[in-house]
Amino acid sequence: MKSIIISSLLILILFSSSSCNHISESGDIGDKFYAYLQQENYDAIIQLLDAEALKSYSKEEWKELLLTRNQYFGKLESYKPIGFHTETQKDFKIIKLNYKVSNTNGQVFEEIELINRGKQIKILNYRFPADVALAEPK
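Numbered as in the numbering used here, the sequence shown ends at 161 without a single skipped number.
Here it is, written out as structure tokens:
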């Protein structure tokens, strides 16, 4: 009986550490995304996108979206992770990272959705408020 409990605990620990590793790697991608967004290096962001993201919108449409975001909210000053959520599907894992982002025109809440297929984590989607009225003034 003790061996069953010990085996169960070991499996739980391995699963937890694996899950934390995905969150850590996802956070690194989020950091790269916001660094590139701040530098207005949209080509580098395109390299972080999953193939499914590029099926939804072309590279040019992604660049236009990011450029418009920066023009609308102003220069990105800082960002802070405020939450995450993971979903495990049959062949992949979805990781949603939530951020509070400070810009010259106020603060907004944004989400980066990532997909983990095997050992590769890429950006699947990016969401931000479409209306500056949803932004919080500083």
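Ideal Cβ positions, reconstructed from N, Cα and C, are used throughout, including at glycine.
(message) Could you compute how far the alpha carbon of P160 sits from the alpha carbon of D51?
(response) Any reading at P160 needs caution, since the residue's pLDDT is 48, under 50, leaving its predicted position unreliable; the model's value is listed next. Rounded to whole angstroms, P160 to D51 spans 28 Å at the Cα level.
(request) Assuming F151 contacts E133 (C-beta within less than 8 Å), just tell me the rounded distance between them. (result) Between E133 and F151 the Cβ distance is about 4 Å, and since that is below 8 Å, they are a contact.
(request) Identify every residue that forms a DSSP beta bridge with Q143. (result) By DSSP's assignment, Q143 forms a beta bridge with R140.
(message) What does the Cβ neighbour count give for A76, buried or exposed, with the cut at 16 atoms within 10 Å?
(response) Buried is the call here.
(message) Using the three-state DSSP reduction, which class does Y102 fall into: helix, strand or coil?
(response) Note: Y102 maps to strand in three-state DSSP.
(request) Return helix, strand or coil for S81, following the three-state DSSP convention. (result) Three-state result, S81: coil.
(message) Here's the rule: buried if 16 or more other CB atoms are within 10 angstroms of the residue's CB, otherwise exposed. What is D54?
(response) Counting Cβ neighbours within 10 Å, D54 comes out exposed, since fewer than 16 surround it.
(request) Determine the DSSP secondary structure at T91, reduced to helix, strand or coil. (result) T91: helix per DSSP, three-state reduction.
(request) Could you work out which residue in L120, G141, E100, K98 is closest to K113 when comparing CA atoms only? (result) The shortest Cα separation from K113 among L120, G141, E100, K98 belongs to G141.
(message) Rounded to whole angstroms, what is the Cα-Cα separation between Y149 and E136?
(response) Cα atoms of Y149 and E136: separation of roughly 6 Å, rounded to the nearest angstrom.
(message) Please report the distance separating the alpha-carbon of R92 from that of N126.
(response) Rounded to the nearest angstrom, the gap between the Cα atoms of R92 and N126 is 10 Å.
(request) To the nearest angstrom, report how far apart F96 and Q130 are at their CA atoms. (result) One alpha carbon belongs to F96, the other to Q130, and they sit about 8 Å apart.
(message) Just to confirm, is the Cβ distance from F56 to I118 under 8 Å?
(response) Cβ distance not < 8 Å, so F56 and I118 don't count as in contact.
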